[in-house]
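Notes follow the structure.
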Amino acid sequence: MNKTLDLSLLFKKAFELLKNDLSKIEYEHIEPSATRFLNEIHQKISNWNESTSLSIFEPYWLNKNANDVSAEGVAKMNKANFNVFVNDPTTQEKLKQLLMLRKNAELDFRLPAKISKVELIEHLARFNFSRGNKPVFFVHRMLIMIFPELFTSIADRVKLDESAKVLGIKSKGVAFELVQYQVRDKVNDFIIEERLQNESEFVKRGIAWWVLDAAKALKE
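For the sequence shown, the working numbering assigns the number 1054 to the initial residue and increments by one for each residue that follows.
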């Protein structure tokens, strides 16, 4: 599929679809809501000290406003397991590492590999729950919420892989964080090409969400 699509046209269509959606009355609240929400989280991270509790962040991960960052859909059935996982001592240590990266590291091409090396998602894969499914979506979204400038708004791995394939990115066996950055990097190239640098972070992060719909529209 990626061989038959011009990526510039694809991203232009995705950008158009995103803007059209945001112009609808029922969705016009999403961008300002997500922006305020993420700004609040990042202010908390900036003020947070490594020696203090992570409990101040607990109200954010499953907050209703997090759906404006990436909508949960059917994933809401895994909320209880997410709470179990996020309060696990090993998870807490890994989350501390991620928050320290957010506070201290440069938000550039080197950071996704450092995020991946924390192995939060690998820890989730090994984690045993007494019942129900693993809260993969919520862990993915938590990473997006911590590092929104590096990633896209796609928290679902299947959709991310399908979007990557359309963009000519090989994602099989590649860490979620690295696929995220590769997709976002292609979006960033388009943003520079079209001189869209003044668009909001919400828009830049959201363009990839519409890649599959854009591909379908261009095929019709």
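Positions of the beta carbon are idealized from the N, C-alpha and C atoms, including for glycine.
{"Query": "Expected contact under 8 Å - CB spacing of S1097 and L1115 to nearest Å", "Result": "One point to set straight first is that residue 1097 is Lys, not Ser, in the sequence displayed. Between L1115 and K1097 the Cβ distance is about 15 Å, and since that is not below 8 Å, they are no contact."}
{"Query": "Classification of K1056 by the beta-carbon crowding that lies within 10 angstroms, buried from 16 upward", "Result": "Low per-residue confidence applies at K1056: pLDDT is 49, beneath 50, and the placement is therefore not dependable enough to give any value."}
{"Query": "Nearest to V1264 (by Cα), restricted to the options V1219, F1190, L1091, N1092", "Result": "V1219"}
{"Query": "S1123 and R1194 closer than 8 Å at C-beta", "Result": "yes"}
{"Query": "Contact under 8 Å by Cβ, A1217 with V1232", "Result": "yes"}
{"Query": "Expected contact under 8 Å - CB spacing of F1110 and P1188 to nearest Å", "Result": "Not quite, the Cβ-Cβ distance comes to about 16 Å (not below 8 Å), so this is no contact."}
{"Query": "Under the three-state DSSP convention, the category K1269 falls into", "Result": "helix"}
{"Query": "Straight-line gap, I1207 to L1213 (C-alpha atoms, nearest Å)", "Result": "6 Å"}
{"Query": "Beta carbon of E1202 nearer than 8 Å to that of L1160", "Result": "yes"}
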